[in-house]
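Here is the structure we will look at, set down as structure tokens.
Listed below in structure tokens is the structure:
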């Protein structure tokens, strides 16, 4: 199965959004710089686009993730957030087999 990394890091403050350079770096990192590696990195720019793409996602990097969204993501293995806080990602609702990872430090 092809891994699909779904990135939704939109936030009102520009400094908390993913930019083109960081997205390019992530694509190189997860694909080991290999074209045709079977890894796909997709950026969602809105909640609607994120939810539309979620069914194919294996890995999600986002600021928030609602508990109802797990049911929309049958291939999900990981939800990661740069946030150190636990209030924006419902980790307690994560099904077995889905790892939730939080950032370690904000400030």
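Residue numbers (the working numbering): 292 to 398.
Each residue gets a CB set at the ideal place from its N, CA and C atoms; glycine is no exception.
First through last residue of the beta strand (DSSP E) which encompasses residue 371: Residue mapping note: residue 371 aligns to position 80 of the chain shown, counting from 1. Counting along the chain, the beta strand (DSSP E) containing residue 371 begins and ends at 369-372.
field: Cβ shell of residue 340 (< 7 angstroms), same chain only, five flanking positions each side left out
entry: Position 49 of the chain shown, counting from 1, holds the residue named residue 340. There are no such residues.
- prompt: Exposed or buried, what is residue 299 when buried is set at 16 or more other beta-carbons lying within 10 Å of its beta-carbon?
  reply: Counted from its first residue, the chain shown places residue 299 at position 8. Residue 299 should be labelled buried.
message: Between which two residues does the beta strand (DSSP E) holding residue 297 run?
response: Taking the first residue of the chain shown as 1, we reach residue 297 at position 6. For residue 297, the enclosing beta strand (DSSP E) starts and ends at 294-299.
- request: Look up residue 380 in the DSSP assignment and give the residues it is bridged to.
  value: Taking the first residue of the chain shown as position 1, residue 380 is located at position 89. DSSP output for residue 380 lists 356 as bridge partner(s).
message: Given a cut-off of 7 angstroms on the beta-carbon distance, is the pair residue 437 and residue 317 in contact?
response: Residue 437 is absent from the structure shown; the chain starts at 292 and stops at 398.
query: For residue 389, which three-state DSSP category applies?
result: The residue given as residue 389 occupies position 98 in the chain shown. Three-state result, residue 389: coil.
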